[in-house]
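Data first, discussion second: the structure below is written as structure tokens.
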Amino acid sequence: MAQVAGKVGEEQNMVGKKSASQMADRSTPLMRNHWYVAAWAEEVTRTPLRRRILSDDIVFYRTEDGRAAALHNRCAHRSFPLSNGVIKGDRIVCGYHGIEFNADGSCGLVPSIQSAPRAMRVTSYPLVEQGPFIWIWMGGPEAVDHGKLTRQPWFTEAGWTHVKGYFHMKANYLGLHENLLDLSHFPFVHGAMVGKPEHAEARPKVSVEGDVVHSSVLHKDIALAPEYQAAASLVSPVDRLSEQYVPSPAIHVGKAILTDSSPTPQTHIRYIIHCPTPETQTSTHYFWAIARDHVLDNAKVDAESHAIGAKAFNEDKEVLEEIEEVIARDERTDFRERIISTDEGAIQLLRAFARMAKNEDVEGRSSRS
Amino acid sequence: MAQVAGKVGEEQNMVGKKSASQMADRSTPLMRNHWYVAAWAEEVTRTPLRRRILSDDIVFYRTEDGRAAALHNRCAHRSFPLSNGVIKGDRIVCGYHGIEFNADGSCGLVPSIQSAPRAMRVTSYPLVEQGPFIWIWMGGPEAVDHGKLTRQPWFTEAGWTHVKGYFHMKANYLGLHENLLDLSHFPFVHGAMVGKPEHAEARPKVSVEGDVVHSSVLHKDIALAPEYQAAASLVSPVDRLSEQYVPSPAIHVGKAILTDSSPTPQTHIRYIIHCPTPETQTSTHYFWAIARDHVLDNAKVDAESHAIGAKAFNEDKEVLEEIEEVIARDERTDFRERIISTDEGAIQLLRAFARMAKNEDVEGRSSRS
Amino acid sequence: MAQVAGKVGEEQNMVGKKSASQMADRSTPLMRNHWYVAAWAEEVTRTPLRRRILSDDIVFYRTEDGRAAALHNRCAHRSFPLSNGVIKGDRIVCGYHGIEFNADGSCGLVPSIQSAPRAMRVTSYPLVEQGPFIWIWMGGPEAVDHGKLTRQPWFTEAGWTHVKGYFHMKANYLGLHENLLDLSHFPFVHGAMVGKPEHAEARPKVSVEGDVVHSSVLHKDIALAPEYQAAASLVSPVDRLSEQYVPSPAIHVGKAILTDSSPTPQTHIRYIIHCPTPETQTSTHYFWAIARDHVLDNAKVDAESHAIGAKAFNEDKEVLEEIEEVIARDERTDFRERIISTDEGAIQLLRAFARMAKNEDVEGRSSRS
Chain A
1 MAQVAGKVGE EQNMVGKKSA SQMADRSTPL MRNHWYVAAW AEEVTRTPLR RRILSDDIVF
61 YRTEDGRAAA LHNRCAHRSF PLSNGVIKGD RIVCGYHGIE FNADGSCGLV PSIQSAPRAM
121 RVTSYPLVEQ GPFIWIWMGG PEAVDHGKLT RQPWFTEAGW THVKGYFHMK ANYLGLHENL
181 LDLSHFPFVH GAMVGKPEHA EARPKVSVEG DVVHSSVLHK DIALAPEYQA AASLVSPVDR
241 LSEQYVPSPA IHVGKAILTD SSPTPQTHIR YIIHCPTPET QTSTHYFWAI ARDHVLDNAK
301 VDAESHAIGA KAFNEDKEVL EEIEEVIARD ERTDFRERII STDEGAIQLL RAFARMAKNE
361 DVEGRSSRS
Chain B
370 MAQVAGKVGE EQNMVGKKSA SQMADRSTPL MRNHWYVAAW AEEVTRTPLR RRILSDDIVF
430 YRTEDGRAAA LHNRCAHRSF PLSNGVIKGD RIVCGYHGIE FNADGSCGLV PSIQSAPRAM
490 RVTSYPLVEQ GPFIWIWMGG PEAVDHGKLT RQPWFTEAGW THVKGYFHMK ANYLGLHENL
550 LDLSHFPFVH GAMVGKPEHA EARPKVSVEG DVVHSSVLHK DIALAPEYQA AASLVSPVDR
610 LSEQYVPSPA IHVGKAILTD SSPTPQTHIR YIIHCPTPET QTSTHYFWAI ARDHVLDNAK
670 VDAESHAIGA KAFNEDKEVL EEIEEVIARD ERTDFRERII STDEGAIQLL RAFARMAKNE
730 DVEGRSSRS
Chain C
739 MAQVAGKVGE EQNMVGKKSA SQMADRSTPL MRNHWYVAAW AEEVTRTPLR RRILSDDIVF
799 YRTEDGRAAA LHNRCAHRSF PLSNGVIKGD RIVCGYHGIE FNADGSCGLV PSIQSAPRAM
859 RVTSYPLVEQ GPFIWIWMGG PEAVDHGKLT RQPWFTEAGW THVKGYFHMK ANYLGLHENL
919 LDLSHFPFVH GAMVGKPEHA EARPKVSVEG DVVHSSVLHK DIALAPEYQA AASLVSPVDR
979 LSEQYVPSPA IHVGKAILTD SSPTPQTHIR YIIHCPTPET QTSTHYFWAI ARDHVLDNAK
1039 VDAESHAIGA KAFNEDKEVL EEIEEVIARD ERTDFRERII STDEGAIQLL RAFARMAKNE
1099 DVEGRSSRS
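From first to last, the protein sequence lines stand for chains A, B and C.
For the first sequence, position 117 (counting from the first letter as 1) is numbered 117 according to the working numbering, and the numbering increases by one without interruption.
Count along the second sequence from 1, add 369, and you get the number used in the working numbering.
Count along the third sequence from 1, add 738, and you get the number used in the working numbering.
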């Protein structure tokens, strides 16, 4: 693992200022050659859904056989939003001149000329549906890489169940990634239930493989919160191993393994998934889900799990929105945030993202057509 | 008539992409050397009316003898909006220091110095009142050209009556011109009453005289809509000849001639006038009026005529506002709308406007003073 | 006293156009090397107060011994607004990671590393509390100049009392300075009570000492307004000597001396203080106060004094906001306001401010750290 560069001595724990050239920041162009969560599966139906992703205006719908489709939401003819039209068979029909487009973006019919010119087409976006998620490829069609899609069997295989939620966040997506690799804010932002004292000083083990940052931390012999119903069958204290990794700008995977102190130790596994999909440079679709391998059919535990997630993640969202506003209003251009040693995971991530963004820029922005 | 250039083969009906250099588009500077509808005659009174036209903040009022006056709505002294002041005789009195301006923009009095310096003046705009319309010349005073004012006797002469309406439209004015020369959107935007099947495939005859685009189409033997009261005395079927022309960026003239199938054919004439006055590059004052030479004194027919116009033109307005928003949000700069053969009138118009805008630019923007 | 340059003859009273190069205007950078009113003393408490001044986001609070403190409202670590945190002893605690800052901007503690790195610091702003006002130095710490603070004993010494008020004004601060040196708007903006006829044609005597503009005017033998309770003991008519000066961009000092016509003349003195603190280039915190040396303990006179001030100053504020909007919307870049001889005080002030702004620019903007 690379050393955290830029240590400037003084105190051992202080590692200097963020470097705009080496770390991704709010001005770093959004990365296109990745799969992003576009929508929950149930949001995409036979009625058009409009959503902006990486600044692109996109319309989603399902064809007659149930496949999800995504098209640039701007008719090739007179720029009317296709999402204002209707679905007819496998096609979306523009509400201005009735021009019909197929799910692949090709034209099905221009009524006024009773033909379907090849040149009349809109961009179509590759989609992959996996369990609750519909993923969208935001790069060019020539660059589509299914190998970049994060496998998440815990959302599709038996033996698992999950809860999920969504926030529209008025902030750049990077702040959320930083936040997720940082435990030290827990006691200050998340208060009593989640923000246990052991978080503030926890020093996760950070490693980087290629551009993927991993972080893990083991808390031994911790007491179970009495209100934590999902863990009712565990014998306190427990060991909690938290593992996190960030396979792409589009997803942060957290895994928590609780092992109890009963004679025959029981183990509970949870995956806490955060998918920040940039809407624009300053706003983000924040999808989250928590999958678990225990107490599968229990609405009360579902509700508890959802409530804990929704509360904590909303606290983060509010923090990040406040920060976005502060930054937007600050006219000083020389301000550089300070970094401290507990930011190591976040800093490694911003470096990995800076490398990825630079590579994407060198390769050339994919031309969508 | 010039051929529609840029035909790229493929299908005969497809004529390629809009060309930013040859056709006016949303970035084309608004043209100043024209008469635009500024207001309805009854809007301009002895109380100041504030309205923004071609981005100019303008105040309108009437002098004691009833003449309409228009001044730049910014006091020459300290920039207070004159429209916040009061009318006193033939002058408007600024609400900040009481400076009085005459209808020609010259100063009448600066109270604090009890004189009227020649240098203290505001821009005044030439106006012409014709029937319900007050027209304003937005170019320089040296360029005023009364020959450019479209004559519309059907609003002032006996034997005619009219209804009228206004929309504030959050869109560039060009989209409205395109829309008005295009019949193929009727079935999709205007639904049952106006959007008859014969519209979708109609091919109007387009011609260009100088920079004026003409379009006409004859529908023979069409059934009269039963709900169309104004035509109650006509014998169905009728022939409908629709003629349109665009004498300036400020006005689209439509003329509809219905001839019925009675032994001694009766004829009804209607003028459908659309006056899109740019407020800014992205918003438009949309004045419309429908004049007719039949059933002159009939409030029910007036109401019907107004209702049909207001409904259909509002549908267009809503379409154009949606498009404006799509374009404003699209960060792609390489997008070019596709054109098809039924767009011929619109394309010829955008070319004529591009030529006119270029000429105006070459002549130099008129300096208002 | 320098002559008003730029007289272009024509009428003697007309002195030409404002010159952007010689006079400060809305685009002149806000001046930092001055003391500005930041807040009323009672606004700064043990709960953080957030306020934007010269575009800087600032948090104010009081330490345990009651001293006011002001810090840049952006945590040095992750840019969270410190004003969302809490006060703990003499420190403000960031709500994101619990980092503590002292009143001098130095770090008190970073909880996650249990130390207080020297490099982790935020800008602190020098403050001076004087009577009802808390003044803030917006320049660099090396440039702090207590000699620039305007002495105002009438707010702190015995024998005086005062009323005060605040407006948030959506306009650049310069317009207020112009307005305050101009009596000729009184009859048009302030109506009956304040806008006496003698104002419109009053010609104050203007002088400039260094960069400080002085203006004075004596109105002799004027009748006391019957509703003017504070002056009930004076014998009408009175002489009113009004003296004004502008020691800095942050303050306009007005002094009114009324001397009555009783055999043994009584004298009343009032100070009318206006402190326009720029929030941004286009908005202003407008603090005002009126101190008097007569009828000290009288709630009715307090209420009257406050009501007269609040009404008149709000009328000015509304005028200035209208002007700001007119200017913001006007796309013409060649517009120059006309000046007349009664603007002499205002013009001298804008010239003085232009010189001061230029000097500050030459000296280099102070680097705050």
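The C-beta atom is built at its ideal place from N, Cα and C for all residues, glycine as well.
Helix, strand or coil at residue i according to DSSP, with G and I counted as helix
i: L887 of chain C; result: coil
i: E337 of chain A; result: coil
i: H531 of chain B; result: strand
i: H906 of chain C; result: strand
i: I427 of chain B; result: strand
i: E10 of chain A; result: Any reading at E10 of chain A needs caution, since the residue's pLDDT is 44, under 50, leaving its predicted position unreliable; the model's value is listed next. E10 of chain A: coil per DSSP, three-state reduction.
i: E838 of chain C; result: strand
i: K826 of chain C; result: strand
i: V927 of chain C; result: helix
i: S821 of chain C; result: helix
i: G913 of chain C; result: helix
i: I851 of chain C; result: coil
i: A1090 of chain C; result: helix
i: D1099 of chain C; result: helix
i: L49 of chain A; result: strand
i: V831 of chain C; result: strand
i: E694 of chain B; result: helix
Cβ-based burial, residue i [other Cβ within 10 Å; buried from 16]
i: A1092 of chain C; result: buried
i: R336 of chain A; result: exposed
i: E1017 of chain C; result: buried
i: Q760 of chain C; result: exposed
i: H146 of chain A; result: exposed
i: S674 of chain B; result: buried
i: R1070 of chain C; result: exposed
i: G929 of chain C; result: exposed
i: L54 of chain A; result: buried
i: R121 of chain A; result: buried
i: Q483 of chain B; result: exposed
Chain A residues whose Cβ lies nearer than 7 Å to that of residue i
i: D698 of chain C; result: The structure shown has nothing for residue 698 of chain C, since chain C only spans 739 to 1107.
i: S584 of chain B; result: Within 7 Å Cβ-Cβ: nothing; S584 of chain B doesn't reach chain A, min ~14 Å.
i: F557 of chain B; result: G95, Y96, H97 and G98
i: I851 of chain C; result: N13, I340, S341 and T342
Identity of the residues DSSP links to residue i by a beta bridge
i: G623 of chain B; result: B:Q613 and B:I641
i: A1084 of chain C; result: In the DSSP output, where bridge partners are listed per residue, A1084 of chain C has none listed.
i: Q499 of chain B; result: B:F502
i: E42 of chain A; result: DSSP, once it has assigned bridges, lists no residue as partnering E42 of chain A.
i: H957 of chain C; result: C:R978
i: A438 of chain B; result: B:Y430
i: W35 of chain A; result: A:W137
i: H952 of chain C; result: C:S945 and C:Y983
Partners in chain C for residue i, counting only beta-carbon separations shorter than 9 Å
i: H285 of chain A; result: By Cβ distance, chain C contributes nothing, its closest Cβ being about 22 Å from H285 of chain A, past 9 Å.
Partners in chain A for residue i, counting only beta-carbon separations shorter than 8 Å
i: N822 of chain C; result: E322
Partner residues on chain C for residue i, Cβ-Cβ distance less than 7 Å
i: R185 of chain A; result: Sequence inspection shows His at residue 185 of chain A; the Arg mentioned does not correspond to that position. In chain order: Y834 and H835.
Where residue i meets chain B, residues with beta-carbon distance less than 9 Å
i: P81 of chain A; result: E691, I692, E694 and V695
Residue i: contacting residues in chain B (beta-carbon distance under 7 Å)
i: V1057 of chain C; result: F449 and Y465
Cross-chain neighbours of residue i in chain B, by beta carbon under 8 Å
i: A76 of chain A; result: E706 and R707
Ranges of the beta strand (DSSP E) found wholly within the stretch 639-687 of chain B, counting only runs of at least 3: 652-661
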